[in-house]
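Participant: Numbering-wise, the sequence shown is residues 2 to 402 according to this note's numbering.
Don't be surprised by glycine CBs; every beta carbon is placed ideally from N, CA and C.
Computed from a predicted model, the values in this text were never measured in an experiment.
Before we start, here is the structure in question, set down as structure tokens.
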Amino acid sequence: MDHEALKRDEATGASGKGPFLPKSPSEALRPERVPAPPRRSRRARSQIVIFLNFLMTLAVFGCGLAVAAFYYVVSAFQAPGPLQTNANFVVRNGSGLSEISANLERNDMISDGRIFRYMSATYLKDGDTLKAGEYEIKAGASMKDILDLLRSGKSILYSVTLPEGLTVKQIFDRLNEDPVLEGELPQQLPSEGSLRPDTYKFSRGTKRTEILAQMREGQQKLVDQLWERRAPDLQLKSKQEFLTLASIVEKETGKDDERAHVASVFLNRLQKNMRLQSDPTIIYGLFGGEGKPADRPIYQSDLQKQTPYNTYVIRGLPPGPISNPGRAALEAVANPWRTSDLYFVADGTGGHVFAATLEDHNANVRRWRKIEAERGQDPSVAVDGQPEADPASQPQTQKRN
């Protein structure tokens, strides 16, 4: 039974659909027909789907491009710059980011002004700006280094020194001569004594009027401060008198250990209604703020010339300061030494010798004249200090003017 069934299967073929026919070798090697893929649905062939697929592809490509561009920009921003040697760069007042970026690129300090401008705008917060001034850009500085420097405001600082004892006119001359400061000074000079001598630091682009404002404000604060701390029995009546006497002390001596002593002499003479007889007041009366020419001595004849400032002629203080005194001279007048001295004269060593009596003073004057004679001094030139036995130097009984 089973044998017959096996024969039947061989006759009909394994598929059961017909007799099994053997294939030739060429037919066996021929590829069988592959069934066709299923047809795409109408929805898959929609134009909207195709467009959305395009947009998705475009977005992915754009994101990749943006990431690559951002990486390039950040890398360029932080990479060493093209500058070969240290160089100075000036940011002018009112310069915008575009102008600064272009100038940096023009001077070969950065490789791309657009990158610097874009990244700077990203880094700068509200109210944060690039500060005006002159900066030293280091060789190889990156754009980020330069941005940090310009944001910091740590610009190159210059200085102008205005020593104690200069007149306002002389201070104006020095400010005008400074090659870094900018702008014009006012035509009308401030009052004498109103400017504080000091060394002032500034960056390129600073106006001369800015330094002038600092000097005026500084002197006003200093005078107010020291006037409040003056000796209780100081006989000066006002800050104007205080400033005037300090300006005379400033011109009489440059030695720190003498100022308070010189101040005591003048205050003692004022108390006794004696003329101050200060040589610097003669000079100011003759030459004003311009100052005495270096080769022009004070002659004996100058002592009696009628000017409002000549304290060999007038009694009391002159009408105003004769210079701009510094802190040391102001402090000396605010708190002078307590002495009985009424006279002083040069001692030949750069300082002065003091005396309480006319007799001692005359001896000191003769000693000084001998020194001057040995140096070949013209006898017509006045002695530094009150003249010997001058009747004008004697105490007066009437009240001070």
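Check Leu365 in the structure and name its three-state DSSP category.
Facilitator: Working through the sequence shown from its first residue, we reach residue 365 at position 364. According to the sequence as given, residue 365 is Asn; it is not Leu. Three-state DSSP puts Asn365 in a helix.
Participant: Would you mind sorting Pro326 into buried or exposed? The rule is 16 or more other CB atoms within 10 Å of its CB.
Facilitator: Numbered from 1 along the sequence shown, position 325 holds the residue referred to as residue 326. Per the 10 Å Cβ criterion, buried.
Participant: For Ser248, collect the residues of the same chain with a Cβ closer than 6 Å to its Cβ; drop the 5 residues on either side in sequence, then sort them by chain order.
Facilitator: Indexing the sequence shown from 1 puts residue 248 at position 247. Correct list, in chain order: Gly194, Pro322, Ile323, Ser324, Pro326.
Participant: Could you tell me if Gly82 is buried or exposed, where buried requires 16 or more neighbouring beta carbons within 10 angstroms of its beta carbon?
Facilitator: Start at 1 with the first residue of the sequence shown, and residue 82 comes out as number 81. Buried: at least 16 other Cβ atoms inside 10 Å.
Participant: Using only CA atoms, which one of Lys306, Gly286, Arg152, Met275 lies nearest to Tyr344?
Facilitator: To locate residue 344, count along the sequence shown from 1; it is residue 343. With distances taken between Cα atoms, Tyr344 lies closest to Met275.
Participant: Assuming Ser156 and Phe78 make a contact with CB atoms under 8 Å, what is their CB distance in whole Å?
Facilitator: Looking up residue 156 in the sequence shown gives position 155. Looking up residue 78 in the sequence shown gives position 77. At roughly 22 Å, the Cβ-Cβ gap does not stay under 8 Å, so Ser156 and Phe78 are not in contact.
Participant: Let's test the definition: count the other Cβ atoms within 10 Å of the Cβ of Gly97 and tell me whether it reaches 16, buried, or not, exposed.
Facilitator: Here residue 97 corresponds to residue number 96 of the sequence shown, with the count starting at 1. Exposed, since its Cβ has fewer than 16 Cβ neighbours within 10 Å.
Participant: Would you mind sorting Lys403 into buried or exposed? The rule is 16 or more other CB atoms within 10 Å of its CB.
Facilitator: Summary: the structure shown does not reach residue 403, with the chain confined to residues 2 through 402, and so no result is reported for it.
Participant: Quick one, are the C-beta atoms of Gly1 and Val92 less than 8 Å apart?
Facilitator: Summary: the structure shown does not reach residue 1, with the chain confined to residues 2 through 402, and so no result is reported for it.
Participant: So does the region 216-234 actually touch the region 296-307, counting three or more Cβ pairs closer than 8 Å?
Facilitator: No contact exists between the region 216-234 and the region 296-307.
Participant: Kindly list the residues whose CB is nearer than 8 Å to the CB of Ser16, restricted to its own chain and excluding five residues on each side of it in sequence; keep chain order.
Facilitator: Counting from 1 along the sequence shown, the entry for residue 16 is found at position 15. Confidence at Ser16 is low in this model, with a pLDDT of 49, below 50, so the placement of that residue is unreliable and no value is reported for it.
Participant: Can you give me the Cβ contacts of Ser192 inside the same chain, cut-off strictly under 6 Å, excluding the 5 residues immediately before and after it?
Facilitator: Stepping through the sequence shown from its first residue, residue 192 is reached at position 191. None.
Participant: List the DSSP bridge partners of Leu163.
Facilitator: Here the question's residue 163 lines up with position 162 in the sequence shown. Per DSSP, Asp199.
Participant: For my contact list, Gln236 and Gln272 are in at a C-beta cut-off of 8 Å; report their separation, rounded to the angstrom.
Facilitator: Walking along the sequence shown from the start, residue 236 turns up at place 235. Walking along the sequence shown from the start, residue 272 turns up at place 271. That pair is a contact at about 6 Å.
Participant: Report yes or no: do the region 327-336 and the region 283-293 share at least 3 C-beta pairs separated by less than 8 Å?
Facilitator: Short answer: they don't touch.
Participant: Which residues does DSSP list as the beta-bridge partners of Lys132?
Facilitator: By 1-based counting over the sequence shown, the position of residue 132 is 131. Answer by DSSP bridge pairing: none, since Lys132 is not bridged.
Participant: For Arg339, which residues of its own chain have a beta-carbon under 8 Å away from its beta-carbon, when the five flanking residues on both sides are left out?
Facilitator: For the purposes of this step, residue 339 is taken as residue 338 along the sequence shown, with counting starting at 1. Once the five neighbours on either side are set aside, the close Cβ partners of Arg339 are Ser265.
Participant: From the DSSP output, which residues share a beta bridge with Tyr73?
Facilitator: Locating residue 73 in the sequence shown gives position 72, counting from the first residue. In DSSP, Tyr73 forms no bridge with anything.
Participant: Name the residue from Lys202, Thr168, Gln188, Glu165 whose alpha carbon lies nearest to the alpha carbon of Asp179.
Facilitator: Along the sequence shown, one-based indexing puts residue 179 at 178. If we check each option's Cα against that of Asp179, Lys202 comes out closest.
Participant: So is Gln220 buried or exposed if we call it buried at 16+ other beta carbons inside 10 Å?
Facilitator: Translated into the one-based positions of the sequence shown, residue 220 becomes position 219. Buried, since its Cβ has 16 or more Cβ neighbours within 10 Å.
Participant: Could you round the C-beta distance between Leu125 and Gly114 to whole angstroms and report it? I think they count as a contact, below 8 Å.
Facilitator: Here the question's residue 125 lines up with position 124 in the sequence shown. Here the question's residue 114 lines up with position 113 in the sequence shown. The Cβ separation is near 16 Å, so there is no contact.
Participant: Is Glu193 helix, strand or coil when you go by DSSP?
Facilitator: Here residue 193 corresponds to residue number 192 of the sequence shown, with the count starting at 1. Coil at Glu193, not helix or strand.
Participant: Which residues in the same chain have their Cβ closer than 7 Å to the Cβ of Ala80, if we skip the five residues on either side of it in sequence?
Facilitator: If you number the sequence shown from 1, residue 80 lands on position 79. The answer, listed in chain order, is Ser143.
Participant: By the three-class DSSP mapping on this structure, what secondary structure does Ala295 have?
Facilitator: Sequence index remark: in the sequence shown, residue 295 carries index 294 (1-based). Three-state result, Ala295: coil.
Participant: List in chain order: all unbroken alpha helix (DSSP H) runs of 4+ residues lying wholly within the region 276-359.
Facilitator: Runs of the alpha helix (DSSP H) inside the region 276-359: 280-288, 328-335.
Participant: Could you tell me which whole alpha helix (DSSP H) segments of length 4 or greater appear in the region 194-251?
Facilitator: With a minimum length of 4 residues, the continuous alpha helix (DSSP H) runs that stay inside the region 194-251 are 209-229.
Participant: Take the Cβ of Gly166 as the centre, count every other Cβ of all protein chains shown within 10 Å, and call the residue buried at 16 or more, exposed below.
Facilitator: One-based indexing of the sequence shown puts residue 166 at position 165. By the 10 Å Cβ count, Gly166 comes out buried.
Participant: How far does the alpha helix (DSSP H) with Ala88 in it extend, from its first residue to its last?
Facilitator: Counted from its first residue, the sequence shown places residue 88 at position 87. That residue, Ala88, is in no alpha helix (DSSP H); its beta strand (DSSP E) goes 88-92.
Participant: Going by the CB atoms, is the gap between Val224 and Ala333 shorter than 8 Å?
Facilitator: As a first step, residue 333 is located in the sequence shown; it is residue number 332 there, counting from the start. As a first step, residue 224 is located in the sequence shown; it is residue number 223 there, counting from the start. The answer is no: Cβ separation not under 8 Å.
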